[in-house]
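S.K.: Below: one structure in structure tokens.
Structure (structure tokens):
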């Protein structure tokens, strides 16, 4: 059952990435980025509340100091990742971003080891080192397609990857410490995420930011895409949360990232016209090797 949840998480994650890549071309300012992510958080909040009602988990909405901290951890990690990756979609190669995200696996596994004594065997440490090598190779491929990295671009990648890892780890924390309802977890995570983005836009107004939303960002077509993105994002996080209750961190994320890599290669080549050369092949093979080594018994 755990791997079935991972298959659903893969579908949601890939579909979410496709939607994000599509709407990122219409984004022209930080305000646009906040609005796009705020809309999908809002839609996810509505979907989450509907799921809570359907599952009869209203009692689980009661907040405690412990659960509040977990929900905030999820919201911060998820919001940072969504905002950073929306920018990264505009400037970096799609397949490079998918491999770079794998570095979050390293952070998540280390956090699982530190806080929950989940063992990290020698082969998993070796696999993590190989993943670092894959990212180094793919960075050269990305430079050929998109040009040299900027300091701003590097910071966005690091922040986004860290946010993704923190959000993933919060799922493990929730299932270990609370474990009542994945729907409640996602409802509060998206709810707090929406509030943070709304506050950020209010602060921008107070600071005198004069930018207005790009017309394409608020078009009916894109609003529909935001809803589709939200449904996929909700499916991804919900099923990963359920999988976290059945599988260890080191089981979940290498498998999920490996399958995601296969699909992403096809998407990048067919839909985004990212040509395959020896550097991309070497980076992809290195990433596969790292994931396979991590999965060795």
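Residue numbers (this note's numbering): 1135 to 1431.
We put the CB at the ideal spot given by N, CA and C, even for glycine.
1) For residue 1275, count the other beta carbons within 10 Å of its own beta carbon; 16 or more makes it buried, fewer makes it exposed. Which is it?
2) Measuring alpha carbon to alpha carbon, tell me which of 1312, 1358 and 1386 ends up nearest residue 1196.
3) For residue 1415, tell me which candidate among 1204, 1259, 1273 and 1261 has the shortest Cα-Cα distance.
4) Once the 5 residues before and after residue 1300 are set aside, which same chain residues still bring their CB inside 6 Å of it?
5) Among the candidates 1398, 1176 and 1263, whose CA atom is the shortest distance from the CA of residue 1423?
6) For residue 1370 versus residue 1150, is the C-beta spacing smaller than 9 Å?
7) Quick one: what does DSSP say residue 1093 is sitting in, helix, strand or coil?
8) Given a cut-off of 9 Å on the beta-carbon distance, is the pair residue 1420 and residue 1285 in contact?
9) Measure the alpha-carbon distance for residue 1434 versus residue 1338 and round it to whole angstroms.
10) Within 10 Å of its beta-carbon, does residue 1231 have 16 or more other beta-carbons around it, so buried, or fewer, so exposed?
11) Residue 1410 and residue 1399 - do their beta-carbons sit closer together than 9 Å?
12) Which value, in whole angstroms, describes the spacing of the CA atoms of residue 1289 and residue 1209?
13) Determine, using beta carbons only, whether residue 1159 and residue 1255 come nearer to each other than 9 Å.
M.R.: In terms of the structure at hand:
1) buried
2) 1312
3) 1273
4) 1211
5) 1263
6) yes
7) With the chain covering 1135 to 1431 only, the question about residue 1093 has no answer from this structure.
8) no
9) Nothing can be reported for residue 1434: it is not among the residues displayed for the chain, which extend from 1135 to 1431.
10) buried
11) yes
12) 20 Å
13) no
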